[in-house]
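Notes follow the structure.
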Amino acid sequence: MQSIMLKAKLHRAEVTHAVLDYEGSCAIDGEWLDLAGIREYEQIQIYNVDNGERFTTYAIRGEEGSRMISVNGAAAHKAKVGDRVIICAYAQFSDAELEGYQPRMLYMAPGNELSHTSNAIPVQLA
Numbered sequence: 000m001q002s003i004m005l006k007a008k009l010h011r012a013e014v015t016h017a018v019l020d021y022e023g024s025c026a027i028d029g030e031w032l033d034l035a036g037i038r039e040y041e042q043i044q045i046y047n048v049d050n051g052e053r054f055t056t057y058a059i060r061g062e063e064g065s066r067m068i069s070v071n072g073a074a075a076h077k078a079k080v081g082d083r084v085i086i087c088a089y090a091q092f093s094d095a096e097l098e099g100y101q102p103r104m105l106y107m108a109p110g111n112e113l114s115h116t117s118n119a120i121p122v123q124l125a
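Residue numbers (numbering that gives the first Met the number 0): 0 to 125.
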């Protein structure tokens, strides 16, 4: 059996650019792509914390160290500069591959400073 699992997440990154007249995609700081294990041209889901929009696009490499999150093309209608977004990549895993499985998660502080990384989300308490 195959399970679709969270592969990587950038949590609460700030949109730095929204460029309508650019080929559709989302440019992400190349250092963050590498740290999260997201490949260039990989499908990503973007969840806009500020307006509730959820959409699919693909990742492209932004300048390393730029702290860039640029939502481009038609997706620029779904996020504006300053919006906080959660960017997720998913992958299919077999039961055998799930042994030792851990997602890569990057948590962002204001100004797109990398706060910390994690491989697990704490249990939500009631």
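C-beta: ideal position from N, C-alpha, C; glycine also.
If you're wondering where the values come from, they're calculated on a predicted model, not measured in any experiment.
The alpha helix (DSSP H) that contains residue i, what's its start and end?
{"i": "E30", "result": "G29 to A35"}
What residues match up with residue i in a beta bridge as DSSP calls it?
{"i": "E13", "result": "R83"}
{"i": "V18", "result": "N71"}
{"i": "L105", "result": "L9 and T116"}
{"i": "Q91", "result": "I3"}
Using 10 angstroms around the beta-carbon of residue i, count the other beta-carbons present and answer buried if the total reaches 16, otherwise exposed.
{"i": "V80", "result": "exposed"}
{"i": "S69", "result": "buried"}
{"i": "I59", "result": "buried"}
{"i": "N71", "result": "buried"}
{"i": "T56", "result": "buried"}
{"i": "S2", "result": "exposed"}
{"i": "V122", "result": "exposed"}
Run through DSSP, which three-state label would residue i get?
{"i": "N50", "result": "coil"}
{"i": "N111", "result": "helix"}
{"i": "A78", "result": "coil"}
{"i": "Q1", "result": "strand"}
{"i": "A58", "result": "strand"}
{"i": "Q44", "result": "strand"}
{"i": "A26", "result": "strand"}
Note the first and the last residue of the continuous beta strand (DSSP E) segment covering residue i.
{"i": "S65", "result": "S65 -> no beta strand (DSSP E), and no H or E assigned at all."}
Would residue i pass as a contact of residue j if the rule is Cβ separation under 7 angstroms?
{"i": "R103", "j": "D49", "result": "no"}
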